[in-house]
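These notes concern the structure reproduced below.
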Amino acid sequence: MGDQYEVSEKGAGALAIPSLRWEEPPEGPVLVLLDQTRLPAEEVELVCTDVPALVQAIRTLAVRGAPLLGIAGAYGVALAAARGFDVEEAVEALAQARPTAVNLGYGVRRAAAAYRAAAVDGSGAQAAAAALAEARAVHAEDIEASTRMAEHGLALLGELLPGGGHRILTHCNTGALVSGGEGTALAVALAAHRAGELRRLWVDETRPLLQGARLTAYEAARAGMAYTVLSDGAAGSLFAGGEVDAVLIGADRIAADGSVANKVGSYPLAVLARYHHVPFVVVAPTSTVDLDTAEGADIEVEQRPAQEVTEFSLPSAQGAGAGPGVGIPVAPLGAQAYNPAFDVTPPELVTAIVTEAGVVAPVTSERLAEVCSTSRWSKSRSGNGMMAE
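In my numbering, the protein residues as written are 810 to 1198.
In structure tokens form, the structure reads like this:
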């Protein structure tokens, strides 16, 4: 099938199908995505031949997770350029597909900057090749970042919890499904598992779309990790019973002051962790840090459709005659729903932020800026404001 650029053998190892790959069949380049809305019942791929299809995949969460959105955004620009579509329109559509995850705009801007620079003196084909090369660079950097975060995170757990036997609670999904490599927070837990130091992975089901129960459990099972799924509301009883040694979560945007926007439900876990004297650790690449956003209150929080709360969506493999996304009502017709995709945890509740460039602890704006300045991504020719030189 022509040229392929997959997530790397290491990143793909825990998945039956890579989360994202670029292919160049005879009929033209495409971006192939593992449809995460169909997991764990089915492993189905989506083939995106244009940017509108990719934007739809992003909005429906077929492709999701901050680092992977950055990779997808960069490849989306390359796809538009390679197929002769309007690149500037593609940039605008992709950058606005989801507002909270800063990596999406980061990846889009990097590929777009490479395209524009090459288009000044080169042909359309040369500009398209430059965009693709930059997308591949974003992809490769995320793979490396994932490896480094796992190393730093495992070392931090050893410092915070000497002796091993960790019982880690995680929220949402932060593994290979959200990354070019093995993920963010779940990559740290996987490193602990491989080192024989993970006793139990507690997996919040993560309402309303069950990314924990559907996706984290899927990845944990494939990796042979000891895991247990629990309802989000049951986490407090685990803390009260002394069954949680650390909380590990990812992030979709980290403000300059260290405030962390992550899947809704993260903030209550931080409060529980502080009350019960349990470390609350955020694992995210420096591309997720947005130094142009001063504090948590400035982060735009995406509001999701009400039916994600008022209906229970089933994969097509479940239920007689059910199609993809078929919803079973669980609330009265016309019920209103409050459905923010994320909440924001203030820095004083965060024990540490683990990045590929090092660990931020204590979490202060000065320490965060210092660690980000040492990241290789700070040398990128374009980025999210913080990264630009």
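Think of the CB as a built atom: it goes at the ideal place given N, C-alpha and C, for glycine as much as any other residue.
Since residue 1062 sits in a beta bridge, which residues does DSSP pair it with? 1070
By the 10 Å Cβ neighbour count, where 16 or more other Cβ atoms means buried, how is residue 798 classified, buried or exposed? Limits of the chain in this structure are 810 at one end and 1198 at the other, which puts residue 798 out of reach.
Considering only the alpha carbon of each residue, which of 883, 1095, 891 and 1048 lies closest to residue 1087? 1048
Three-state secondary structure assigned by DSSP to residue 1131: With a pLDDT of only 38 at residue 1131, under the threshold of 50, the placement of this residue in the model should not be trusted, and no figure is reported.
Using the Cβ count rule (16 or more neighbours within 10 Å means buried), how would you classify residue 1106? exposed
Since residue 1161 is in the beta strand (DSSP E), which residue starts that stretch and which ends it? 1161-1164
For residue 1155 and residue 1172, what's the separation of their Cα atoms in angstroms? Taking the straight line joining both Cα atoms gives about 10 Å.
Contact belief for residue 995 with residue 1117 at Cβ below 8 Å, rounded distance in angstroms: No, residue 995 and residue 1117 are not in contact; Cβ-Cβ is about 23 Å, not under 8 Å.
Grab me the residues of residue 1149's own chain with a C-beta within less than 8 Å of its C-beta, minus the 5 sequence neighbours each way, in chain order. Excluding residues within five positions, the ones whose Cβ falls inside 8 Å are 1073, 1110, 1111, 1112 and 1113.
Taking Cβ positions, are residue 800 and residue 975 nearer each other than 8 Å? Outside the modelled stretch of the chain, which goes from 810 to 1198, sits residue 800, for which no answer is possible.
Alpha carbon to alpha carbon, how far is residue 933 from residue 861? Cα atoms of residue 933 and residue 861: separation of roughly 21 Å, rounded to the nearest angstrom.
Taking the alpha helix (DSSP H) that residue 1084 falls in, what are its first and last residues? Per DSSP, the unbroken alpha helix (DSSP H) holding residue 1084 starts and ends at 1075-1084.
C-beta atoms of residue 985 and residue 840 nearer than 8 Å: no
Own chain, CB closer than 7 Å to residue 883, minus 5 neighbours either side, in chain order: 916, 917, 919, 920, 943, 944 and 947
Please identify the residue among 907, 1095 and 899 whose C-alpha is closest to the C-alpha of residue 1063. 1095
Beta-carbon proximity check, residue 961 vs residue 1021, cutoff 8 Å: no
Cβ of residue 1164 within 8 Å of Cβ of residue 1138? no
To the nearest angstrom, how far is it from the Cα of residue 844 to the Cα of residue 1102? 31 Å
Around the C-beta of residue 1091, are 16 or more other C-beta atoms found within 10 angstroms, so that it is buried, or is it exposed? The C-beta of residue 1091 has 16 or more other C-beta atoms within 10 Å across all chains shown, which makes the residue buried.
Within the region 987-1034, note down every full beta strand (DSSP E) run reaching 3 residues or more, in order along the chain. 1007-1013
For residue 1104, collect the residues of the same chain with a Cβ closer than 8 Å to its Cβ; drop the 5 residues on either side in sequence, then sort them by chain order. Sequence-distant partners of residue 1104 (beyond 5 residues in either direction) whose C-beta falls short of 8 Å from its own C-beta, in its chain, are 1064, 1065, 1066 and 1068.
Assigned secondary structure, residue 865 (DSSP; H/G/I helix, E/B strand, else coil): helix
First and last residue of the uninterrupted beta strand (DSSP E) at residue 1154: 1151-1154
Going straight from the alpha carbon of residue 1153 to that of residue 1061, what length do you get? 10 Å
Backbone secondary structure at residue 933 - three-state DSSP: helix
Which listed residue (992, 1001, 978 and 1146) has its alpha carbon closest to that of residue 827: 992
Nearest-angstrom Cα distance between residue 875 and residue 939? 23 Å
Could you please give me the residues that DSSP links to residue 1055 through a beta bridge? 977
Going by the beta-carbon positions, is the gap between residue 1011 and residue 1053 smaller than 8 Å? yes
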